[in-house]
Amino acid sequence: MAKRVQVIHTDDLDGSEADETISFALDGIAYSIDLSAANAEKLREAFAPFIAAGERDRSARRGSARRKSGGTAATEIRAWAIAQGMQVSSRGRVSAEVREAYERAHS
Numbered sequence: 020m021a022k023r024v025q026v027i028h029t030d031d032l033d034g035s036e037a038d039e040t041i042s043f044a045l046d047g048i049a050y051s052i053d054l055s056a057a058n059a060e061k062l063r064e065a066f067a068p069f070i071a072a073g074e075r076d077r078s079a080r081r082g083s084a085r086r087k088s089g090g091t092a093a094t095e096i097r098a099w100a101i102a103q104g105m106q107v108s109s110r111g112r113v114s115a116e117v118r119e120a121y122e123r124a125h126s
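Going by my numbering, the first residue of the sequence shown is number 20, and it counts up by one from there.
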């Protein structure tokens, strides 16, 4: 039996069908709102004079960046440890003990 699932986003202001999700921030708090095209235009018009008078915050971060773990990549250490007959998990963090053994062997 075939099944069809349909997700319909509704305008958070008036309950009509939403055309887009708009994200914005005020006082350090980020918001998102689903709006119809008409309400999205109203929001943009309302913000327009404030945006024109303000300046863009260059320090604001977009999403989260992956941390770089300085040093040797876990995959390289894991491969070395397996070749040495050590027990290591195939995923996740490499233990400090294994990492230290690798560093001792390669220093």
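Even for Gly, the Cβ is constructed at its ideal location relative to N, Cα and C.
Everything numeric in this text was worked out from a predicted model, so none of it was measured.
Three-state secondary structure (DSSP) of residue i
{"i": "Glu129", "result": "Because the chain is modelled from 20 through 126, residue 129 falls outside the range shown and cannot be assessed."}
{"i": "Arg23", "result": "coil"}
{"i": "Glu60", "result": "helix"}
Strand pairing of residue i, partner residues [DSSP]
{"i": "Ile48", "result": "Leu45"}
{"i": "Leu54", "result": "Glu39"}
{"i": "Thr137", "result": "The chain is shown from 20 up to 126; residue 137 falls before or after that span and cannot be answered."}
Candidates the options: closest to residue i by CA position
{"i": "Asp38", "options": "Gln103, Ile52, Arg118, Gly47", "result": "Ile52"}
{"i": "His125", "options": "Arg112, Trp99, Ala71, Ala49", "result": "Trp99"}
{"i": "Ile70", "options": "Phe43, Tyr50, Asp31, Ser114", "result": "Phe43"}
Residue i versus residue j: straight-line alpha-carbon distance, rounded
{"i": "Gln106", "j": "Ala93", "result": "14 Å"}
{"i": "Gln25", "j": "Ala56", "result": "20 Å"}
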